[in-house]
Each structure stands twice: as C-alpha cells, then as structure tokens.
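**Student:** Take this structure first; my questions come after.
Residue numbers (the working numbering): 1 to 128.
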C-alpha cells in the first residue's frame, strides 16, 4: 500500500512529509462540521495523492541520474581494467591510434555489462 511506497522514497524528508500529510486528517477531521467531513476527506485524499505523485516523479528523476552514473562508472572500470591491452595500440601511428582508441572505448562501453547490471538493479530501486 501507500505506506510501503512511502518507506521506499529516497529522502527521509520526503518520507516524513508524506507521513505528516497522511496524519493531517486526524487533526482536521475532529474540528470539521459533520456536513463538511466528506469534502474534507476528499480534499485530503487529493492532497496526499498529489504530493505522492510529486515525490514519485522526483524519485524517478534521481533514479535516472543514478543509473547514468552507474553506467559511466561501469564503463570507466572496464576502461581502467584493460589499460595493458591499450599499450600495444599506443605504439601505432598517431592518426590510426586515435581511431583505434575511440573504437575500443565505444566497444568497451557496449561490453561493460552496464545494461545487465542496470536491468537487475533497477527493479529494487523503483517505487511500487
């Protein structure tokens, strides 16, 4: 339910604000006239849902940034891990070396395993 979603939010401040928003009805409802309670509850529900959608969007934005950083880190690790292989390329003529280094960088980005790692990490970070 919504409490599980709230507990999955990235920032403590977001979790706290959502819990306060949910508890807000307990302060409002006792002081609301009988005939206005339905409207107060509907307004409260809209407010909770609106805030939850905002935090979900922010969560997804941060998640996208984190996945980009993870992909770049995996690519860098792949590049750093293969420095020995690059030594033989550096012995070639300069023009050919630049082309070869660029093609190797592109190939290593594709073969870094980032797509597999991200595919398996992302489900644990998405909100339900």
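Yeah, the Cβ is synthetic: ideal placement off N, Cα and C, and Gly gets one too. Please read these numbers as outputs of a predicted model, since none were measured by experiment.
Between residue 55 and residue 122, is the Cβ-Cβ spacing less than 8 Å?
**Tutor:** No, the pair does not count as a contact, with Cβ atoms beyond the cut-off.
**Student:** Taking buried to mean at least 16 other C-beta atoms within 10 Å of its own C-beta, is residue 49 buried or exposed?
**Tutor:** Counting Cβ neighbours within 10 Å, residue 49 comes out exposed, since fewer than 16 surround it.
**Student:** Which two residues bound the contiguous alpha helix (DSSP H) that contains residue 81?
**Tutor:** Element bounds for residue 81: 37-81.
**Student:** How far does the alpha helix (DSSP H) with residue 122 in it reach, from first residue to last?
**Tutor:** Per DSSP, residue 122 belongs to the alpha helix (DSSP H) from 114-125.
**Student:** With DSSP run on the structure shown, which of helix, strand or coil describes residue 29?
**Tutor:** Correct three-state label for residue 29: helix.
**Student:** Tell me whether residue 74 is buried or exposed, calling it buried when 16 or more other Cβ atoms sit within 10 Å of its Cβ.
**Tutor:** Buried, because 16 or more other Cβ atoms sit within 10 Å of the Cβ of residue 74.
**Student:** Going by other Cβ atoms of all chains shown within 10 Å of its Cβ, with 16 needed for buried, is residue 34 buried or exposed?
**Tutor:** Result: exposed.
**Student:** Between the C-alpha atoms of residue 65 and residue 118, what's the straight-line distance to the nearest angstrom?
**Tutor:** Each residue's alpha carbon lies about 12 Å from the other.
**Student:** According to DSSP, is residue 103 helix, strand or coil?
**Tutor:** Looking at residue 103 - three-state DSSP - the assignment turns out to be helix.
**Student:** Using three-state DSSP, classify residue 7 as helix, strand or coil.
**Tutor:** If DSSP states are grouped into helix, strand and coil, residue 7 belongs with the helices.
**Student:** CA-CA distance, residue 58 and residue 127?
**Tutor:** Roughly 11 Å separates the two Cα atoms.
**Student:** Run the CB neighbour count on residue 45, radius 10 Å, all protein chains shown included, and call it buried at 16 or more, exposed below.
**Tutor:** Label assigned to residue 45: exposed.
**Student:** Measure from the alpha carbon of residue 102 to the alpha carbon of each residue in 32, 79, 113, then state which is nearest.
**Tutor:** Of the candidates 32, 79, 113, the one whose C-alpha sits nearest the C-alpha of residue 102 is 79.
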